[in-house]
Amino acid sequence: MSTTAPKDKSQLAFSYIGFRFFWLTTLSVSFAVQIMSVSIAWQIYDVTGSAFLLGLVGLSLFAPALILLLVTGLAADRFNRRLIMTICLGVELACALGFLAFANARAHEVWPIFAILVALGTARAFWNPAAQSLAPNLVPPGALANAITVNASAWQFASIMGPAAGGLLYGMAPTVAFGTGAALLAIAMVCVVLIPKPVQRESHQATSIETMLAGFRYIFSNKVVLGAISLDMFAVLMGGAVALLPIYAKDILHAGPQELGLLRAGPGIGAIVMAVLLTRFPIRDHAGKTLFLFVGLFGAFTVLFGFSTSVWVSIPALALVGACDMVSVTIRETIMQLWTPEEVRGRVNAVNSVFIGASNELGEFRAGTVASLIGPVPAVVIGGFGSILIAVVWSRIFPGLREQKTLDKKMVQDAPLAGSA
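Okay, so the sequence shown: first residue is 914 according to this note's numbering, each after it adds one.
Structural data, given as structure tokens:
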């Protein structure tokens, strides 16, 4: 990392009013998602006691993004991104009210929760590429790395406070938790409307398979971008343990929803500390090697968490997991946004969202399924070692990414894939 902070205010994202409202949107939505996530997870496990159904939560959220992949990215390139975000927030608000109604009914069947989760996943499928593509329209290129770090810090701050708040609110009453989530989504809608209309270079190509696949073509033609997003996807897919936290809290750590909230907050605590450090000391050199190092550490601290039988060991371990993941997110997202042409950014971000969804939501499904077969501790520990292995293998497959020094295109020439001619 650099030893000096950026001093030019033009490189600070908060200097731009559009980004300030965008950041508030991210903060509000992230708080709502975290509060509802911890509430849904506890509710499902409390009613069913099933690790498999906990994993199915992630699959329900991920499947719409995969099925609608070619449509969501094209929509972000063709239509007003603020409008897409507003519509998506309206659907998410309706889903929050659905969770609220279900909790109020005190039903013992969980299938309505999964139906609502699919609707929520559909809204998120359109939201992600539109929101990710809007950010570069709100700040100049020189401020983009700062914008990505600061925006990620909003999500991570919500990851600290949201789960803890969710556990406390759910402990008061499930309806209080879901009602708070709905209120935060309504605030987010107001913030999106207040974002000044940015300049957006829209794609006017005729719709065809070629234009719909433009995001895939760009990513697979650029080895550094492909390596960065696939590394993150497979590392988190293997090492993700969030879905199993209700099992750890209830059965291993013998705790309740409040402690579950603290466990869920752990990665966010580490990530927000790292975000502050990255804002003060941006990554200006050895970006590729830094990325591989922290992905490996992500796996190592996941193993530490897997073996833990104490809340006070588990929370610091998860904090270190979150700190390492924050470095990976900053490097990957900055490369993605700085290197991607504006006219295909929505489609590229749609593909990136599926990669992220595969690592997070599909990772939760993997964790839940494996835990139902061999138990939660082996599932987490094996996954952590898998993340370390992924970091080692990817450093050999993508030497161009490994030797990448800066986050822009002032880079070493892409080296050929290992084993290629």
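Built from N, CA and C at the ideal position, the CB exists for glycine as well.
Nearest-angstrom Cα separation, counted from residue j out to residue i
| i | j | result |
| --- | --- | --- |
| threonine 1215 | valine 1306 | 18 angstroms |
| glycine 972 | methionine 1151 | Note that residue 972 corresponds to leucine in the displayed sequence, not to glycine. Those two C-alpha atoms are separated by around 15 angstroms. |
| glutamate 1022 | threonine 961 | 9 angstroms |
| asparagine 1059 | leucine 1286 | 43 angstroms |
| glycine 1288 | glutamine 947 | 25 angstroms |
| lysine 1136 | phenylalanine 1311 | 7 angstroms |
| glycine 1219 | phenylalanine 1278 | 17 angstroms |
| alanine 1213 | leucine 974 | 27 angstroms |
| threonine 1319 | alanine 1304 | 19 angstroms |
| leucine 1206 | phenylalanine 1147 | 15 angstroms |
| arginine 1315 | phenylalanine 1268 | 20 angstroms |
| aspartate 1110 | tryptophan 955 | Checking the sequence, you will find lysine at residue 1110 rather than aspartate. Computed Cα separation, rounded: 40 angstroms. |
| leucine 1217 | isoleucine 957 | 27 angstroms |
| threonine 1247 | arginine 1177 | 26 angstroms |
| alanine 1078 | arginine 1130 | 42 angstroms |
| alanine 1071 | leucine 1175 | 12 angstroms |
| phenylalanine 1298 | threonine 1222 | 19 angstroms |
| arginine 1197 | glycine 1276 | 31 angstroms |
| asparagine 1050 | isoleucine 1108 | 11 angstroms |
Own chain, CB closer than 8 angstroms to residue i, minus 5 neighbours either side, in chain order
| i | result |
| --- | --- |
| serine 1121 | For serine 1121, the predicted model reports a pLDDT of 47, less than 50, meaning its position is unreliable; a value from the coordinates is still stated below. Correct list: empty, nothing qualifies. |
| phenylalanine 1012 | Met949, Ser952, Ile953, Ile1026, Ile1029, Phe1091, Gly1094 |
| glycine 1360 | This structure cannot settle anything about residue 1360, because the visible part of the chain is limited to 914 through 1334. |
CB contact flag (residue i, residue j, <8 angstroms)
| i | j | result |
| --- | --- | --- |
| phenylalanine 944 | glycine 1075 | yes |
| alanine 1141 | arginine 1245 | yes |
| threonine 1062 | alanine 1188 | yes |
| phenylalanine 965 | threonine 1203 | no |
| alanine 989 | proline 1042 | yes |
| isoleucine 1073 | isoleucine 1185 | yes |
| valine 1089 | tyrosine 929 | no |
| alanine 1101 | isoleucine 1182 | no |
| alanine 1096 | threonine 939 | no |
| valine 1224 | alanine 1154 | no |
| leucine 982 | valine 1264 | yes |
| alanine 1065 | methionine 1239 | yes |
| serine 1241 | aspartate 1145 | yes |
| proline 1087 | alanine 1007 | no |
| leucine 1302 | proline 1054 | no |
| alanine 1200 | glutamine 1317 | yes |
| alanine 1014 | serine 1266 | no |
| glycine 1260 | leucine 967 | Residue 1260 is actually arginine in this sequence, not glycine. Contact: no. |
| isoleucine 997 | phenylalanine 1039 | yes |
| leucine 1159 | leucine 1173 | The sequence as given places proline at residue 1159; leucine does not occur at that position. Going by C-beta atoms, proline 1159 is nearer than 8 angstroms to leucine 1173. |
Assigned secondary structure, residue i (DSSP; H/G/I helix, E/B strand, else coil)
| i | result |
| --- | --- |
| leucine 1166 | coil |
| threonine 1243 | helix |
| valine 1208 | helix |
| leucine 981 | coil |
| alanine 1154 | coil |
| asparagine 1017 | helix |
| glutamate 1277 | helix |
| glutamine 1045 | helix |
| lysine 957 | Checking the sequence, you will find isoleucine at residue 957 rather than lysine. Three-state result, isoleucine 957: helix. |
| isoleucine 1000 | helix |
| valine 1052 | coil |
| threonine 1120 | Interpretation of threonine 1120 is limited by its pLDDT of 46, a score under 50 that renders its predicted location unreliable; no figure is taken from the coordinates. |
| glutamine 1317 | coil |
| proline 1312 | helix |
| valine 1023 | coil |
| alanine 1086 | coil |
| serine 1300 | helix |
Beta-carbon contacts of residue i that lie in its chain and below 6 angstroms, excluding the five residues immediately before and after
| i | result |
| --- | --- |
| leucine 1157 | Ala1280, Ala1284, Pro1289 |
| leucine 969 | none |
| asparagine 1262 | Pro1042, Gln1045, Ser1046 |
| glycine 1179 | Ile1228, Leu1231, Ala1232 |
| cysteine 1237 | Phe1207, Leu1210, Phe1211 |
| valine 942 | Ala1101 |
| leucine 1191 | Thr1062, Thr1243 |
| threonine 1253 | Val1261 |
Contact set for residue i: own chain, Cβ-Cβ below 7 angstroms, skip 5 residues either direction
| i | result |
| --- | --- |
| glutamate 1005 | Leu1033, Ala1036, Leu1098 |
| valine 1106 | Thr999 |
| alanine 926 | Phe932, Val1052, Ala1056, Asn1059, Ala1060, Val1063 |
| glutamine 1171 | Gly1080, Leu1081, Gly1084 |
| arginine 911 | This structure does not reach residue 911, given that the chain is present from 914 up to 1334, and the question cannot be answered. |
| cysteine 1104 | Phe934, Leu937, Thr938, Ser941 |
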